[in-house]
Amino acid sequence: MNASLETLLRDAGVLAPSQWRQQARIGLALVERVRHLLEDEQVIALLGEAQGWLQGDANREDLQALAGRAAALARSHPGSKNIDGAAHAAVSATHALAAALKPDVMDAANYAAYAAVYAYAASAVTQPEAFTTEHATQVATAARLLA
6 MNASLETLLR DAGVLAPSQW RQQARIGLAL VERVRHLLED EQVIALLGEA QGWLQGDANR
66 EDLQALAGRA AALARSHPGS KNIDGAAHAA VSATHALAAA LKPDVMDAAN YAAYAAVYAY
126 AASAVTQPEA FTTEHATQVA TAARLLA
């Protein structure tokens with residue numbers, strides 16, 4: 006859990022349900038940091054559609070449709086076909102996208118951080134200090150978007 010990010014977003018009022026658009030915007034920015042871990046072409050295409058949604062009229066109905074597709078892809082993700090141990094990183098990055106589109110910015114942040122750390126070293130996910138750099142980067146990303 007990225008307590009600093011949660012504090013920043015709570016203080017800025019972003020965690021209020023009425024701020025769903027801002028939550029999705031920040032969540033998608035955090036997913037961009039783990040885009041390279043996405044392997045499924047459908048998921049990568051969906052992230053592109055979501056970025057297009059942000060550039061368009063960003064209505065709630067379209068977001069809900071994207072979220073439904075992302076959730077289905079995340080639930081059915083088979084894991085990585087690579088032998089590099091990134092199976093959980095790809096799955097977690099996919100769940101980060103689904104959470105960003107829900108929109109649940111904190112869930113998206115947690116999945117994205119887990120994906121980033123797991124991709125570095127699977128054993129690191131049990132070490133809270135391994136998340137320090139990623140959590141700080143998430144806070145900086147959110148602060149930049151809120152400025």
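Be aware that the sequence shown starts at 6, since it is given in the numbering used here, and climbs by one per residue.
We treat Cβ as the ideally placed atom computed from N, Cα and C, and that holds for glycine.
Inset, instruction - Please state if the CB of D45 and the CB of L13 are separated by a distance shorter than 8 Å. - result: The criterion of a C-beta distance shorter than 8 Å is not satisfied by L13 and D45.
Inset, instruction - Tell me whether S81 sits in a helix, a strand or coil according to DSSP, three-state version. - result: coil
Legend entry - CA-to-CA distance, Q47 to M111, given in whole angstroms: 24 Å
Legend entry - E139 to G18 span [Cα, whole Å]: 22 Å
Inset, instruction - Pull up the distance between the alpha-carbon of Q132 and that of Y119, whole angstroms please. - result: 11 Å
Legend entry - Distance CB(A101)-CB(A117) smaller than 8 Å: yes
Inset, instruction - Below 8 Å on the Cβ atoms is my guess for R30 versus L10; work out the distance and round it to an integer in Å. - result: That pair is no contact at about 14 Å.
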